[in-house]
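See below for the structure under consideration.
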Amino acid sequence: MSLTLTEVKALLRERHRASLGEIALHFGSNPEAVRQALGHWQAKGRVRRLDGGACASGCHCAMRTEEVYEWVGEANPAPGGCGITPGH
C-alpha cells in the first residue's frame, strides 16, 4: 500500500496515537517515509512526537521505547479568518 499525507492524517485522527512502527506496518511502508510524512504534519502543528513512555497508553511499561506520535488537531484559523486559507 502506498503512503500519502492524507492517509497518515486519517489514521492518526482515527487512532489518536500510534507508533512509527505501527504506521509503517499499516501502510507497508518504510519507517523513514513515514517519518517524513509525520514531519510534514508536525511542521503544521497537527502532530506531535511524544517523549518518554514505551507505548501509546502512557503506562511507562518496560517495553522498548518507540517513537509515538499523537494527532493534536486542526490548526486554529487566524483571527477573522475562514480557517480554509491562512489569512482569509
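Numbering (numbering that gives the first Met the number 0), first residue to last: 0 to 87. A virtual CB, placed ideally from N, CA and C, is assigned to each residue, including glycine.
#1: With H, G and I counted as helix, E and B as strand and the rest as coil, what does DSSP make of Arg-45?
#2: Would you list the one or two residues that DSSP bridges to Arg-16?
#3: CA-CA distance, Val-71 and Arg-47?
#4: Please report the distance separating the alpha-carbon of Gly-27 from that of Leu-37.
#5: When the distance is taken between beta carbons, is Leu-10 closer than 8 angstroms to His-25?
#6: Just verifying my parser: in three-state terms, what is the DSSP assignment at Thr-3?
With the structure as the only source:
#1: Note: Arg-45 maps to coil in three-state DSSP.
#2: DSSP, once it has assigned bridges, lists Glu-69 as partnering Arg-16.
#3: Roughly 7 angstroms between the two C-alpha positions.
#4: For Gly-27 and Leu-37, the distance between alpha carbons rounds to 15 angstroms.
#5: Yes, the pair counts as a contact, with Cβ atoms nearer than the cut-off.
#6: Coil at Thr-3, not helix or strand.
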